[in-house]
Structures are given as C-alpha cells and as structure tokens.
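Undergrad:
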Amino acid sequence: MAKYFLSYMIGDWKYQSHFLTNNHTSPAIKQSEYARFVSHELLPDEFQAILEDDYGDNYGDEDVSQKLERFLLDSNFAPLMATDGALAKLPPTCLVTTNFDVL
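The sequence shown begins at 1 in full-length UniProt numbering and counts up one residue at a time.
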C-alpha cells in the first residue's frame, strides 16, 4: 500500500522505507491533534494484541514529513483526517471494497 500512496502523492517510491517503518511523519505530527485520527487504540482489541512494540511518538524524519505533510493531513487525500463535523456534512454513503483496496 505504501507504493500506491506514494505513487498517488508524489509519483515516486523513494520514501517507501520511511512509510514501512512509520518514519514518514515527524514527532511533531505524532504528538499533534492529528494523532488521534490514526491511533492504534481505535482498532478492535484482537488487532491491538499484534502491536507488541510501542516506540512512542518521539521519532520520525522531519524532512520527509515536511515533503508529505500537505498530503497526509489533507482530508481530501486522507479521509481519516476529516473531523466528525466535516463528515457529518456528507450525504449518506455506501462504501464497498474488495480484497486489498488501498483506501
């Protein structure tokens, strides 16, 4: 999925290793209001058990984060970043995915 996101964002895979190690966001973003939108604590309990290592939020590549931030924090690119208020304004939606949808 990292390749698909990167292809869509910047048309290049050069930051794939950063995505795979969660270094694509800076410590500042990991500690910001946006962190609550993608917290692993939102996952069902059976999936949280898989996450053995907790690295905290004081790591990440500042340079890569600055290059990708305008995409990662834009709710038009990353719907998880939309506030509940913004989502409430949308019409009722039926979303169907199959297999490995990159959404």
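The beta carbon of each residue, even a glycine, is placed where N, CA and C say it ideally should be.
1) What do you reckon, are the CB atoms on Met1 and Phe37 nearer than 7 Å?
2) Can at least three beta-carbon pairs, one atom from the region 2-18 and one from the region 65-74, be found at a separation below 8 Å?
3) Kindly indicate which residue of Gln66, Leu95, Lys67 has the alpha-carbon position closest to the one of Pro79.
4) Would you report the Cα separation of Tyr4 and His18, rounded to the nearest angstrom?
5) Three-state secondary structure (DSSP) at Tyr15?
6) Between the alpha carbons of Ile29 and Ala86, how many angstroms are there, rounded?
7) Can you list, in chain order, the residues of its chain whose CB lies under 8 Å from that of His24, leaving out five sequence neighbours each side?
8) Could you compute how far the alpha carbon of Thr21 sits from the alpha carbon of Asp57?
9) Using only the heavy atoms of the ligand ADP, determine whether one of them is closer than 6 Å to the beta carbon of Asp74.
TA: Judging by the given coordinates:
1) For Met1 and Phe37, no; Cβs fall outside 7 Å.
2) With a cut-off of 8 Å, the region 65-74 and the region 2-18 count as touching, because enough Cβ pairs lie within range.
3) Considering only alpha carbons, the answer is Leu95.
4) Taking the straight line from one Cα to the other gives about 14 Å.
5) Residue state for Tyr15 is assigned as coil, using DSSP reduced to three classes.
6) Annotation: Ile29 to Ala86 spans about 21 Å, alpha carbon to alpha carbon.
7) Apart from the 5 residues on each side of it in sequence, His24 sits with its Cβ closer than 8 Å to the Cβ of Tyr15, His18, Gly60, Asp61, Val64, Ser65, Leu68, Leu72 in its chain, given in chain order.
8) Near 13 Å, if we compare the C-alpha coordinates of Asp57 and Thr21.
9) The model depicted lacks the ligand ADP and carries no ligand whatsoever.
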